[in-house]
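>
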Amino acid sequence: MQSRTQVRNDIPSPDQAIDMLMAGNKRYVDGNTISHDHMATRGQLIGFQKPFATIIRCSDSRTSPEIIFDQGHGDLFVCAVAGNVPTTELVASMEYSVAVLKTPLIVVMGHSNCGAVSEALKNFNDIDSLPGSLPSLISQIRPAASQAGGEFGEEALSEAIRCNVRNGMERIRTTSSIIDAAVESGDLRIIGGVYDMQSGRFEVL
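Just so we're aligned, residue 13 is where the sequence shown starts under the working numbering, counting upward by one.
#1: Closest by CA to N137, which one among A128, A157, N125?
#2: Taking Cβ to Cβ, would you say N96 is nearer than 8 Å to R74?
#3: Assuming L33 contacts V90 (C-beta within less than 8 Å), just tell me the rounded distance between them.
#4: Among the candidates V93, A65, A104, whose CA atom is the shortest distance from the CA of Q28?
#5: Could you tell me which whole alpha helix (DSSP H) segments of length 4 or greater appear in the stretch 32-73?
#6: At the level of alpha carbons, what is the spacing between S124 and V216?
#7: For I173, write down the residues that DSSP places opposite it in a beta bridge.
#8: Quick check on H50 - is its C-beta less than 8 Å from some C-beta in chain E?
#9: Counting along the chain, where does the alpha helix (DSSP H) carrying A111 start and finish?
#10: Is the separation between the beta-carbon of G205 and that of V177 shorter than 8 Å?
#11: Within the continuous beta strand (DSSP E) that includes E215, where are the two ends?
#12: Alpha carbon to alpha carbon, what distance is there between F81 and L146?
As structure tokens, this is what we get:
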């Protein structure tokens, strides 16, 4: 098993950042993860952070990017909300990561069997019946549910999850001039993908 006691202090290119994530996911799938010495690295990060990727993910407790991509302290800037929806607050957080921290990569990460997307399909015609504040969140996933046919089923759920990721990627660029400009300049890439909870693999769409 590899071990790591030092934090990164460089900023890779967007393509290098993708390679680093995918290599980490392969280690995770293969059961060959790095031993991260968190006691050693946490002190090194007191005065700075240089995450090489920003991840917008679902709040699902089974989808931690640090584990899925086998990364350590300070490597990932993570924004989480049920259904990995790029809300105004999450877009603002991503703008901070791009404008201030200079992260070269944004990843919109969906996952198999997503409960939020499932609710958008199951309640497609009656989202307002959901409790509390859920209607305002699930309504933002409804376009993906519509693209997948608007009826609940295994295939429809998988397709809606993919559509929701793609819609999120588009929404991030159209709602943020900061992020769009960084993409246009080549300093930033936005990719999307789906994490399969059975295999552990992250598939780029």
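Note that beta-carbon positions come from the ideal geometry of N, C-alpha and C, so glycine has one too. Note that the structure is predicted; figures quoted are calculated from it, not measured.
In this structure, then:
#1: A157
#2: no
#3: Contact doesn't hold; Cβ gap of about 12 Å is too wide.
#4: A65
#5: 50-56
#6: 13 Å
#7: I173 is not bridged to any residue.
#8: In the displayed structure, chain E is absent; only one protein chain is listed.
#9: 100-111
#10: yes
#11: 214-216
#12: 29 Å
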